[in-house]
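Visitor: Submitted below is the structure of interest, expressed as structure tokens.
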Amino acid sequence: MAGLYAGLDVSLELTSVCVVDEEGRMVREAKVASEPDAITRELRSAPGDYFRVGLEAGPLSQWLCFGLKDAGLPVVCIEARHAKAAMVAMNRNKNDRNDARSLAQLVRSGWFKAVHVKSRPSQELRTLLTAREFYVNKLRDHENEIRGLLRPFGLKVGKVGARDFEARARELVAGNPLLELCIHTLLAGRMAMKMALADLHRALLRLTENDELCRRFMTIPGVGPVTALAFKATVDDPARFRRSNDVGAHLGLTPRQYQSGETDVRGRISRSGDAFTRTALFTAAHVMLTRSRQWTAIRAWGVRIAQRSNLKKAKIAVARKLAVIMHRMWRDETPFRWGAAA
230 MAGLYAGLDV SLELTSVCVV DEEGRMVREA KVASEPDAIT RELRSAPGDY
280 FRVGLEAGPL SQWLCFGLKD AGLPVVCIEA RHAKAAMVAM NRNKNDRNDA
330 RSLAQLVRSG WFKAVHVKSR PSQELRTLLT AREFYVNKLR DHENEIRGLL
380 RPFGLKVGKV GARDFEARAR ELVAGNPLLE LCIHTLLAGR MAMKMALADL
430 HRALLRLTEN DELCRRFMTI PGVGPVTALA FKATVDDPAR FRRSNDVGAH
480 LGLTPRQYQS GETDVRGRIS RSGDAFTRTA LFTAAHVMLT RSRQWTAIRA
530 WGVRIAQRSN LKKAKIAVAR KLAVIMHRMW RDETPFRWGA AA
């Protein structure tokens, strides 16, 4: 029986399916609902066994990958940049049908990079972190909006802490009925967001307190619950990295390089991969270098880099080193080593 390859161009409602044989000849084309069962029925209707089924990484890719794997199909998730390059090279006109054809030929050739599909528990942890970060950002935006609305009247909130912000805003608008209505309403919304953020933060703390790996990560100076949980959710499976040094590159903490002939330019960090975890590691490095007073070998190393270069480069280097250390602690099940005393 002939071996088959399939490409799936997934959108929110419909998925374009293209099936080709080992020689690249078209076997079947269709458009079905973006549901694992509907896609499985369509793929099974073609005669033959599937060597590979490919779809581009996207919002629905995790759900569809798990559904197709449960149905016994050899599905792979293709990195979006590789998929886009193939689509542009193969087709002048971009549409769902042509994209599915390009993906089918791409998975048949094998010239693609498969991305790791996170497990469901890791995706749930990431959802918690994202929801918490959403409220953190919106609270900041909310407070800035209140400051901006008061400024045209010469009312300046000034430098106040989060606890004193509401009292200061109410004090400024006292005696003006219309301003009181507007600001008090915004403050009520701010209070509701603070309560929601507190609920999410408590859930995050409970998870890290009950997780032995996160507790071990938090023995590193500067690494808190958010950084520990973000790293665990992003890496998901430490065995997928053959070397711990690869984790820094995966998170975009290594310099870009452009080399051609005698030209060899190294630029800023690539910033590829997960931006949230990269930011969390950078924040942990900032705390370690500027606030922590506990001596560690990695902190001493970062201070030396800051002395001969600058603090920002030192933070990036320490963040990359933290990713390597945390992966090794996870893989070897070892505690954090502070290093020999200075």
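In this text, residue positions in the sequence shown follow the working numbering: the first is 230, and each later residue adds one. Don't be surprised by glycine CBs; every beta carbon is placed ideally from N, CA and C. Owing to the predicted nature of the structure, the values given are computational and were not obtained by experimental measurement.
Nearest-angstrom Cα distance between K347 and P381?
Guide: 49 Å
Visitor: Would you decide whether G404 is buried or exposed? Buried here means 16 or more other CB atoms lie within 10 Å of its CB.
Guide: exposed
Visitor: Considering only residues of the segment 474-538, which uninterrupted beta strand (DSSP E) runs meet the minimum length of 3 residues and lie entirely inside it, listed in chain order?
Guide: 484-489, 492-498
Visitor: Which class does K347 belong to by DSSP, given the choice of helix, strand or coil?
Guide: If DSSP states are grouped into helix, strand and coil, K347 belongs with coil.
Visitor: What residue ranges within the segment 391-459 form continuous alpha helix (DSSP H) runs of no fewer than 4 residues, ordered along the chain?
Guide: Fully enclosed alpha helix (DSSP H) runs of 4 or longer: 394-402, 406-438, 441-446.
Visitor: To the nearest angstrom, how far is it from the Cα of A315 to the Cα of W340?
Guide: Between the alpha carbons of A315 and W340 lies a distance of about 9 Å.
Visitor: Taking DSSP as the reference, what is the three-state secondary structure of F470?
Guide: coil
Visitor: Identify the residues that DSSP records as bridge partners of G283: which are they?
Guide: The beta-bridge partner set that DSSP reports for G283 consists of G236, V305.
Visitor: State the Cα-Cα distance for the pair L401 and L384, rounded to the nearest angstrom.
Guide: 6 Å
Visitor: Do you know whose CA, among M255, L551, A457, D428, lies nearest N327's CA?
Guide: M255
Visitor: Starting from T244, follow its DSSP beta bridges and name the residues at the other end.
Guide: V239, V261
Visitor: From the DSSP secondary-structure annotation, give me the bridge partner or partners of D250.
Guide: L233
Visitor: Kindly indicate which three-state DSSP category V256 falls into: helix, strand or coil?
Guide: strand
Visitor: When DSSP builds the beta bridges, which residues end up paired with D278?
Guide: G232
Visitor: Can you grab the Cα-Cα spacing for the pair L297 / A333, in whole Å?
Guide: Using only the alpha carbons, I get a separation of about 16 Å.
Visitor: Can the beta-carbon of A457 be found closer than 7 Å to that of F446?
Guide: yes
Visitor: Using 7 Å as the threshold, is the C-beta distance between V344 and E308 below it?
Guide: E308 sits close to V344, with the two beta carbons spaced by under 7 Å.
Visitor: Specify, as a first and last residue, the run of the alpha helix (DSSP H) that A333 falls within.
Guide: 325-338
Visitor: May I ask you to report which of helix, strand or coil DSSP gives H556?
Guide: helix
Visitor: Can you list, in chain order, the residues of its chain whose CB lies under 7 Å from that of T506, leaving out five sequence neighbours each side?
Guide: A459, F460, T463, L480
Visitor: Return the Cβ separation of M319 and S331 in integer angstroms, given the expectation that the two are a contact with Cβ distance under 8 Å.
Guide: 4 Å
Visitor: For P288, name the three-state secondary structure that DSSP assigns.
Guide: coil
Visitor: Looking at C-alpha atoms only, which residue of K541, G568, K542 is the closest neighbour of I554?
Guide: G568
Visitor: Return the chain-ordered list of same chain residues with a C-beta closer than 8 Å to the C-beta of T437, the five sequence neighbours on each side being excluded.
Guide: C443, R444, M447, P454, A457, L458
Visitor: Could you check how far apart the C-beta atoms of M517 and G451 are, in whole angstroms? I think they sit under 8 Å.
Guide: 3 Å
Visitor: Compare the beta carbon distance of E535 and A529 with 7 Å and say whether it is the shorter of the two.
Guide: This sequence places Ala at residue 535; Glu is not what is there. Not closer than 7 Å, so no.
Visitor: With 16 as the cutoff for other CB atoms within 10 Å, does R472 come out buried or exposed?
Guide: exposed
Visitor: Assuming Y279 and L233 form a contact by the criterion Cβ under 8 Å, report the distance between their Cβ atoms to the nearest whole angstrom.
Guide: 5 Å
Visitor: Suppose you measure from the CA of R204 to the CA of R349; what does that come to, to the nearest Å?
Guide: Residue 204 lies beyond the stretch modelled for the chain, which goes from 230 to 571, so this question has no answer here.
Visitor: Return the chain-ordered list of same chain residues with a C-beta closer than 6 Å to the C-beta of R500, the five sequence neighbours on each side being excluded.
Guide: When the five nearest sequence neighbours on each side are left out, the beta carbons in the same chain lying within less than 6 Å of the beta carbon of R500 are those of G481, in order along the chain.
Visitor: Less than 6 Å between C-beta atoms, sequence neighbours within five positions excluded: which residues of the same chain meet that for R485?
Guide: G496, S499
Visitor: From R520 to C294, what distance separates their C-alpha atoms?
Guide: Spanning the alpha carbons of R520 and C294 requires a straight line of approximately 44 Å.
Visitor: By alpha-carbon positions, which one of R361, R397, L368 ends up nearest to L434?
Guide: R361
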